[in-house]
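Accompanying notes for the structure given below.
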Amino acid sequence: MKLTLTAAFLTTALTSPVFADSCSDLTGLTLYNVRIDGAATVGAGTVPADPMSAMTGGSPTPVGVGAHCLVEGKIEDREGVNGRYGIRFQLRMPEDWNGKFLFQGGGGTDGFIAPAIGTIPSTGTTATPALKRGYAVVSMDGGHDGMTLDFTADQQSRLDLAYASIGKVSNTAKALISTFYSAAPEQSYFMGCSNGGREAMMAAQRFPLEFDGVVAGNPGFHLSRAALGGVWDVTQWAKVAPRDAMYSALTPEDLDAVAEEINRQCDALDGLEDGVVAAYRQCEFAPEALRGQLDDAKLDALIAVMAGPTDADGNAVYTDWPWDPGVAAEGWRAWKLGTETMPAMHQILTVPSTGAVFMTPPQQVPLDPDFAEMADEVSDVGGYFDADETYLTTFAQKGGKMVIFQGLADPIFSATDIARWHDQAEEDTGADFAQLFMVPGMTHCGGGNATFEDFDPLTVLEEWAATDEVPTAMVARAPSMPEREMPICAYPLEALFQGGDPDIADNFACMAN
Numbered sequence: 003m004k005l006t007l008t009a010a011f012l013t014t015a016l017t018s019p020v021f022a023d024s025c026s027d028l029t030g031l032t033l034y035n036v037r038i039d040g041a042a043t044v045g046a047g048t049v050p051a052d053p054m055s056a057m058t059g060g061s062p063t064p065v066g067v068g069a070h071c072l073v074e075g076k077i078e079d080r081e082g083v084n085g086r087y088g089i090r091f092q093l094r095m096p097e098d099w100n101g102k103f104l105f106q107g108g109g110g111t112d113g114f115i116a117p118a119i120g121t122i123p124s125t126g127t128t129a130t131p132a133l134k135r136g137y138a139v140v141s142m143d144g145g146h147d148g149m150t151l152d153f154t155a156d157q158q159s160r161l162d163l164a165y166a167s168i169g170k171v172s173n174t175a176k177a178l179i180s181t182f183y184s185a186a187p188e189q190s191y192f193m194g195c196s197n198g199g200r201e202a203m204m205a206a207q208r209f210p211l212e213f214d215g216v217v218a219g220n221p222g223f224h225l226s227r228a229a230l231g232g233v234w235d236v237t238q239w240a241k242v243a244p245r246d247a248m249y250s251a252l253t254p255e256d257l258d259a260v261a262e263e264i265n266r267q268c269d270a271l272d273g274l275e276d277g278v279v280a281a282y283r284q285c286e287f288a289p290e291a292l293r294g295q296l297d298d299a300k301l302d303a304l305i306a307v308m309a310g311p312t313d314a315d316g317n318a319v320y321t322d323w324p325w326d327p328g329v330a331a332e333g334w335r336a337w338k339l340g341t342e343t344m345p346a347m348h349q350i351l352t353v354p355s356t357g358a359v360f361m362t363p364p365q366q367v368p369l370d371p372d373f374a375e376m377a378d379e380v381s382d383v384g385g386y387f388d389a390d391e392t393y394l395t396t397f398a399q400k401g402g403k404m405v406i407f408q409g410l411a412d413p414i415f416s417a418t419d420i421a422r423w424h425d426q427a428e429e430d431t432g433a434d435f436a437q438l439f440m441v442p443g444m445t446h447c448g449g450g451n452a453t454f455e456d457f458d459p460l461t462v463l464e465e466w467a468a469t470d471e472v473p474t475a476m477v478a479r480a481p482s483m484p485e486r487e488m489p490i491c492a493y494p495l496e497a498l499f500q501g502g503d504p505d506i507a508d509n510f511a512c513m514a515n
């Protein structure tokens with residue numbers, strides 16, 4: 003079958019004949035349950051933007067890459083209950099290989115193949131993508147094609163999305179890499195954000211011997227319960243606004259007032275009043291101070307949303323959320339409330355996928371759900387979708403390392419939840435295998451107000467692997483304040499200003515409160 007490139011390229015250099023021949027030879031390779039649709043060399047040039055960057059944290063702009071071999075194929079092509087299924091993948095192997103392999107995670111409910119270039123999964127990053135560093139990079143569609151939820155009727159497709167596709171694609175990619183370079187990867191990493199972050203944590207949980215390290219950004223590791231959080235949000239806003247105009251529950255001006263009050267109460271706690279609440283663990287925000295600025299119904303709905311979903315007896319079924327001034331950012335509104343022209347993502351994605359993905363059989367979520375019943379309903383499916391295991395001794399004892407970053411203003415997956423996971427994992431597995439970096443102001447996989455979203459967790463992982471020195475901070479920049487640098491500290495440490503020039507990262511110290 004002739005190779006159909008999934009992205010256009012502006013080539014500026016040709017590859018060597020030997021490299022090209024070795025690449026094209028892969029079309030004749032026989033692997034069990036794998037169909038190679040094509041293999042072709044691509045000269046140095048530009049890969050277009052990731053069209054799903056809002057879901058993956060991938061690059062929203064074109065990316066320059068070097069010459070490489072592009073392989074596309076499908077694993078376990080089969081007839082499912084309602085159509086053809088299988089796991090489509092894309093593997094790019096650079097001419098100048100560094101001996102490493104990176105599995106690039108997806109986003110949303112997958113169903114698409116993002117360009118396999120290994121961009122740092124934060125939309126504000128300027129860090130060099132993995133492919134350009136010399137990594138062989140693979141991406142996949144999670145086992146179904148398309149963004150609709152029809153795939154949930156097929157049991158194997160659900161399992162592939164949950165976890166099984168990770169092992170299948172990893173094995174296939176490594177076989178292709180070993181054949182192409184006549185050498186197996188010396189190190190294997192997984193990196194992704196959102197569902198891709200969940201997949202990264204799942205890689206460490208279910209395939210601990212396959213990976214030496216993972217970068218998990220804003221991970222949906224507790225996906226089944228986070229889905230209930232999205233449903234809860236919709237029910238709370240519906241108390242103050244029509245469902246077809248949920249955006250009106252809180253205006254942009256309302257959220258600006260909330261952000262201003264958060265800054266008034268908490269911004270100075272880190273030693274610097276700059277719109278960045280770096281001392282987030284010291285922030286004991288009192289939302290009642292907003293009463294009078296917001297009317298009672300609006301404030302009560304907001305407080306309920308930030309407290310997280312509960313059942314009729316007041317028992318939590320997910321978790322609460324930190325109060326961060328990033329609530330005024332477009333990314334927070336897009337998921338929680340929506341706009342006049344676009345409904346909230348929780349309405350159009352979270353609520354439908356909660357019923358389709360996490361309930362058996364797939365069903366619609368009722369308008370007035372019983373959250374105790376829903377929590378029981380999603381628990382079974384959550385058992386294989388959630389990457390919330392805290393006993394990761396196999397991964398840790400082999401030297402596996404986890405770098406996790408999380409936006410404190412993430413509107414989908416609560417920073418409080420991943421902090422609690424980290425606390426328990428440290429107790430159950432140990433303190434020297436997973437480092438969590440909380441990013442003030444950042445929403446989901448980048449974005450936010452006054453947020454230091456330009457950072458490089460892959461380099462942090464690489465240096466950790468090379469030196470075995472546990473990282474305690476990564477230097478970050480804010481696109482809105484390009485002259486500034488500050489450290490993003492490893493949880494539970496916070497970046498506290500020590501005086502001097504606030505644009506210099508060394509003038510901050512990572513300290514416990």
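All you need for our numbering is the position in the sequence shown, starting with 1, plus 2.
Yeah, the Cβ is synthetic: ideal placement off N, Cα and C, and Gly gets one too.
Check your understanding: How many angstroms separate the CA atom of H446 from the CA atom of G101?
Key -> As a working note, residue 446 is residue 444 in the sequence shown. As a working note, residue 101 is residue 99 in the sequence shown. So the alpha carbons of these two residues sit roughly 31 Å apart.
Review point. At which residues does the alpha helix (DSSP H) containing D39 begin and terminate?
Key: Indexing the sequence shown from 1 puts residue 39 at position 37. No alpha helix (DSSP H) holds D39; the beta strand (DSSP E) holding it covers V36 to V44.
Point to revise | Candidates P345, K241, P494 and G222, of which the one nearest L304 by Cα | key: If you number the sequence shown from 1, residue 304 lands on position 302. For L304, the nearest C-alpha among the options comes from K241.
Check your understanding: Should Q437 and P473 be called a contact, given that it needs their Cβ atoms to be closer than 8 Å?
Key -> Taking the first residue of the sequence shown as 1, we reach residue 437 at position 435. Taking the first residue of the sequence shown as 1, we reach residue 473 at position 471. Result yes, Cβ atoms of Q437 and P473 sit closer than 8 Å.
Review point. In three-state terms, what does DSSP make of C25?
Key: The residue given as residue 25 occupies position 23 in the sequence shown. Reduced to three states, the DSSP call for C25 is helix.
**Study point:** the stretch 198 to 217 in contact with the stretch 383 to 400 per 3-pair CB rule at 8 Å
**Key:** yes
Point to revise | Supposed close pair D313, A374 - CB separation, criterion 8 Å | key: Counted from its first residue, the sequence shown places residue 313 at position 311. Counted from its first residue, the sequence shown places residue 374 at position 372. That pair is a contact at about 4 Å.
Practice item. Return helix, strand or coil for G340, following the three-state DSSP convention. Key: Residue numbering aside, residue 340 sits at position 338 when the sequence shown is read from its first letter. DSSP places G340 in strand when its eight states are reduced to three.
Point to revise | Start-to-end residues for the beta strand (DSSP E) that takes in D298 | key: Numbered from its first residue, the sequence shown carries residue 298 at position 296. Note, D298: premise wrong, no beta strand (DSSP E); alpha helix (DSSP H) at D298 to A309.
Check your understanding: How far does the alpha helix (DSSP H) with L178 in it reach, from first residue to last?
Key -> Counting from one through the sequence shown, the residue named residue 178 turns up at place 176. Residues S167 to Y183.
Exercise for review: Verify whether the separation of the beta carbon atoms of M193 and Q295 is less than 8 Å.
Suggested key: Locating residue 193 in the sequence shown gives position 191, counting from the first residue. Locating residue 295 in the sequence shown gives position 293, counting from the first residue. No; because the gap between Cβ atoms is not below 8 Å, this pair is not in contact.
Check your understanding: DSSP beta-bridge partners for A318?
Key -> Within the sequence shown, numbered from 1, the residue matching residue 318 stands at position 316. A318 is bridged to T312.
Review point. Hey, how far is the Cα of G45 from the Cα of P504?
Key: Within the sequence shown, the letter at position 43 stands for residue 45. Within the sequence shown, the letter at position 502 stands for residue 504. About 43 Å.
**Study point:** Reduced DSSP secondary structure (H/G/I, E/B, other) of R160
**Key:** Translated into positions along the sequence shown, residue 160 becomes position 158. Helix at R160.
Check your understanding: Is it true that the CB of P494 sits closer than 8 Å to the CB of L410?
Key -> By 1-based counting over the sequence shown, the position of residue 410 is 408. By 1-based counting over the sequence shown, the position of residue 494 is 492. The answer is no: Cβ separation not under 8 Å.
Check your understanding: Is it the case that the Cβ atoms of L463 and A129 are separated by a distance below 8 Å?
Key -> Reading the sequence shown from its first residue, position 461 is the one you call residue 463. Reading the sequence shown from its first residue, position 127 is the one you call residue 129. No, the pair does not count as a contact, with Cβ atoms beyond the cut-off.
Check your understanding: Contact between the stretch 32 to 47 and the stretch 66 to 77: three or more CB pairs below 8 Å?
Key -> yes
Practice item. Specify whether the stretch 339 to 355 and the stretch 176 to 190 touch according to this definition: at least 3 beta carbon pairs, one from each stretch, less than 8 Å apart. Key: no
Review point. For D1, which residues from the same chain have a beta carbon less than 6 Å from its beta carbon, with the 5 sequence-adjacent residues on both sides left out?
Key: Beyond the ends of the chain as shown, which are 3 and 515, falls residue 1; an answer cannot be given.
Check your understanding: Are there three or more Cβ pairs, one per stretch, closer than 8 Å when the stretch 257 to 268 is compared with the stretch 352 to 362?
Key -> no
Exercise for review: Starting from the C-beta of W334, find all residues in its chain whose C-beta is less than 7 Å away, skip the five residues before and the five after it, and write them out in chain order.
Suggested key: For the purposes of this step, residue 334 is taken as residue 332 along the sequence shown, with counting starting at 1. Only G328, A411, P413 and T445 meet the Cβ criterion.
Review point. Just reading off the alpha helix (DSSP H) that L230 is part of, what are its end residues?
Key: In the sequence shown, counting from the first residue as 1, residue 230 sits at position 228. Here the alpha helix (DSSP H) through L230 covers L225 to W239.
Review point. On the three-pair Cβ rule with 8 Å, is the stretch 115 to 132 touching the stretch 82 to 97?
Key: yes
Exercise for review: Only counting runs of 3 or more residues, tell me where the beta strand (DSSP E) segments fall wholly within the stretch 84 to 153, in order along the chain.
Suggested key: 85 to 96, 102 to 106 and 138 to 142
Exercise for review: Could you tell me which residues DSSP puts in a beta bridge with K76?
Suggested key: Here residue 76 refers to the residue found at position 74 when the sequence shown is read from its first residue. R37 and R90.
Review point. With a CB to CB cut of under 7 Å and the five nearest residues on each side skipped, what residues in its chain are close to L33?
Key: Within the sequence shown, the letter at position 31 stands for residue 33. Same-chain partners within the cutoff: T174 and A177.
Practice item. Please report the residue range of the beta strand (DSSP E) in which C195 lies. Key: Along the sequence shown, one-based indexing puts residue 195 at 193. Run containing C195: Q189 to C195, per the beta strand (DSSP E) assignment.
Check your understanding: Whose C-alpha, out of T237, K338 and G448, is nearest the C-alpha of V367?
Key -> Position 365 of the sequence shown, counting from 1, holds the residue named residue 367. The residue with the shortest Cα to Cα distance from V367 is T237.
Exercise for review: Reducing DSSP to helix, strand and coil, say where H70 ends up.
Suggested key: Position 68 of the sequence shown holds residue 70. H70: strand per DSSP, three-state reduction.
Point to revise | Pick from R245, L292, A261 and D302 that is closest to M344, judged by C-alpha positions | key: Counted from its first residue, the sequence shown places residue 344 at position 342. Here the closest residue by C-alpha is R245.
Practice item. For the beta strand (DSSP E) containing G409, list its first residue and its last residue. Key: Mapped onto the sequence shown, residue 409 falls at position 407. Here the beta strand (DSSP E) through G409 covers K403 to G409.
Review point. Residues bridged to A436 by DSSP?
Key: Against the sequence shown, residue 436 aligns to sequence position 434. Bridge partners of A436: M404.
Exercise for review: Could you please give the first and the last residue of the uninterrupted beta strand (DSSP E) stretch that includes A478?
Suggested key: Position 476 of the sequence shown, counting from 1, holds the residue named residue 478. From DSSP, the beta strand (DSSP E) with A478 extends over A475 to A480.
Review point. Using the C-alpha atoms, what's the distance from S250 back to I115?
Key: Within the sequence shown, the letter at position 113 stands for residue 115. Within the sequence shown, the letter at position 248 stands for residue 250. Going from the Cα of I115 to the Cα of S250 covers about 35 Å.
Practice item. With DSSP collapsed to three states, give me the class of V278. Key: By 1-based counting over the sequence shown, the position of residue 278 is 276. Coil at V278, not helix or strand.
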